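Everything on this sheet refers to the single structure shown next.
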């Protein structure tokens, strides 16, 4: 079993709050984590139609079955239950009574904020990080991990990557999104999500996507919001503060998992991956998510942005550390070039009062100081934001 770094944090939060809520994509390992972290608690899967029916018909009696608390998995399927959980935790006045998981953040966030405000902590678990894999003695080469992605099941069951993600897409992506949006034309939606996969790391252009897919820009915005709510994609927003330059205000889009990107782009082998024209974008996506995972795995908010002005000058990521900003450049090359530092140097010129050091993350092997900046290999990319 893989070691999940969030385990100790979720156990600590259970000592401070009556409810702990764990959000994340389907199959990211939420169930395995909470059952291992709280083995004494009864486990109830709300995907089970019988449990769902019992909780819907007589929620009070259903809750009475668990006087000492429980793990309620995929609780967004029964959002009305949260008000009954609120009553129970207020009556019991105990910490760590209920552990909730969910894979639809908008739906669950809304219900939790209404019923459990001040009574629960909210944590997020994404697919496995490379750091977690290496800590569990997984020795697969980096490019193979980028191809396979981070879903634990792919590694535990040694699934052929094309089969695993074809099944994942049909079972979860299409089903969940279809359930929320009532999409009638699945072929059109597949065209949309494949287009998104081909534009990772780029500024979102709603009008262009709408034209290519054949729907309105409003529909594209709605579809992207649902992909984000179901943990298929995430947006990284531009840093808005004006440093004397006009700044771009469109966000960038990244997938939560590179294995799904490769599936959508028809990339099935490592050889094809590293030769693909989009490999640089896929590598950037992988690094960005590794850094986001590193923050979530410490129970911290990500606080990542990017910088781009109207002149096209850009820094891939800005990590906000208090009032300071650490610029980070991401390069898929295995050989370092001094040109990698140009974006960092430009940002320091524009934001000298806020800029702090800086890092280049690349696909080579070295990790070393480069004057004010630091070079990190991809294996240790998480160290770029640990100071």
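In my numbering, the protein residues as written are 132 to 518.
Beta carbons: idealized from backbone N, C-alpha and C, even for Gly.
In this text, all values refer to a predicted model and were calculated from it rather than measured experimentally.
Kindly indicate which residue of 275, 302 and 301 has the alpha-carbon position closest to the one of residue 289. The shortest C-alpha separation from residue 289 is found at 275.
Under 8 angstroms by Cβ, that's how I've got residue 435 and residue 450 pegged, so tell me the actual separation to the nearest angstrom. 6 angstroms
Continuous beta strand (DSSP E) assignments of at least 3 residues falling wholly in the stretch 198-222: 201-204
Would you report the Cα separation of residue 511 and residue 439, rounded to the nearest angstrom? 26 angstroms
C-alpha distance - residue 319 paired with residue 305, whole-angstrom precision: 12 angstroms
Any idea what DSSP makes of residue 138, helix, strand or coil? helix
Cβ-Cβ distance between residue 387 and residue 370 below 7 angstroms: no
Would a C-beta distance cut-off of 7 angstroms place residue 217 and residue 239 closer than the cut-off? At the C-beta level, residue 217 and residue 239 stay beyond 7 angstroms of one another.
Using the Cα positions of residue 183 and residue 236, report the straight-line distance between them to the nearest angstrom. Take the alpha-carbon of residue 183 and the one of residue 236: they are about 19 angstroms apart.
Run the CB neighbour count on residue 468, radius 10 Å, all protein chains shown included, and call it buried at 16 or more, exposed below. exposed
For residue 488, three-class secondary structure by DSSP: Note: residue 488 maps to coil in three-state DSSP.
8 angstroms Cβ shell around residue 381 - same chain, five flanking residues per side excluded: 334, 335, 336 and 369.
By DSSP, does residue 196 sit in helix, in strand, or in coil? coil
How about residue 173 and residue 201: do their beta carbons lie closer than 7 angstroms? yes
Whole alpha helix (DSSP H) elements within the stretch 318-375, 4-residue minimum: 337-344 and 348-360
With 16 as the cutoff for other CB atoms within 10 Å, does residue 294 come out buried or exposed? exposed
4 or more residues per run - each alpha helix (DSSP H) lying fully within the stretch 432-517: 473-481
Which same chain residues, not among the five before or five after residue 253, have their C-beta less than 6 angstroms away from its C-beta? Answer for residue 253: 152, listed in chain order.
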